[in-house]
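**Student:** Have a look at this one.
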């Protein structure tokens, strides 16, 4: 049930970004896009995955204690390096986002919350 709240919040935020000329985490109109970013901008499913990922990451950042938040930020930096290594490979990028979203969703499930 708790995961459904996160999914609903992620969906609502991503709906607000529909039609924007950027993915959630970078500007698609920037002149110096890397191959992975250009592909994410060009492929709607990847753009949507980027919106879900960054929205989930931002929501978790507000829920985690400072130490856990720092760890999650370090993991995000490492994940971005792996995503960039995919370059323009759509299947690789799709898998990268699926794996990252699973980790973020698992992190959410582990947050201690009062009843």
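Residue numbers (the working numbering): 338 to 452.
Ideal Cβ placement from N, Cα and C applies to all residues, glycine included.
Could you give the residue range of the alpha helix (DSSP H) that holds residue 446?
**Tutor:** 427-446 is the span of the alpha helix (DSSP H), which, as asked, contains residue 446.
**Student:** Keeping to the same chain, check which residues put their C-beta closer than 7 Å to that of residue 413; ignore five residues upstream and five downstream.
**Tutor:** Within the same chain, residue 413 has close Cβ partners 394.
**Student:** Quick one: give me the first and last residue of the alpha helix (DSSP H) that residue 380 is part of.
**Tutor:** Run containing residue 380: none; DSSP gives neither H nor E here.
**Student:** Taking the C-alpha atoms as reference points, what is the distance between residue 377 and residue 419?
**Tutor:** In a straight line, the C-alpha of residue 377 is about 14 Å away from that of residue 419.
**Student:** Check the C-beta distance from residue 409 over to residue 401 and give it rounded, since I have them as a contact under 8 Å.
**Tutor:** That pair is a contact at about 6 Å.
**Student:** Applying the criterion that 16 or more other CB atoms from any shown protein chain within 10 Å of the CB defines a buried residue, is residue 398 buried or exposed?
**Tutor:** Flag for residue 398 reads exposed.
**Student:** Rounding to the nearest angstrom, what Cα-Cα distance links residue 384 and residue 360 in this structure?
**Tutor:** C-alpha separation (whole angstroms): 5 Å.
**Student:** Taking the continuous alpha helix (DSSP H) assigned at residue 370, which residues delimit it?
**Tutor:** Where residue 370 is concerned, there is no enclosing alpha helix (DSSP H), given that its DSSP letter is neither H nor E.
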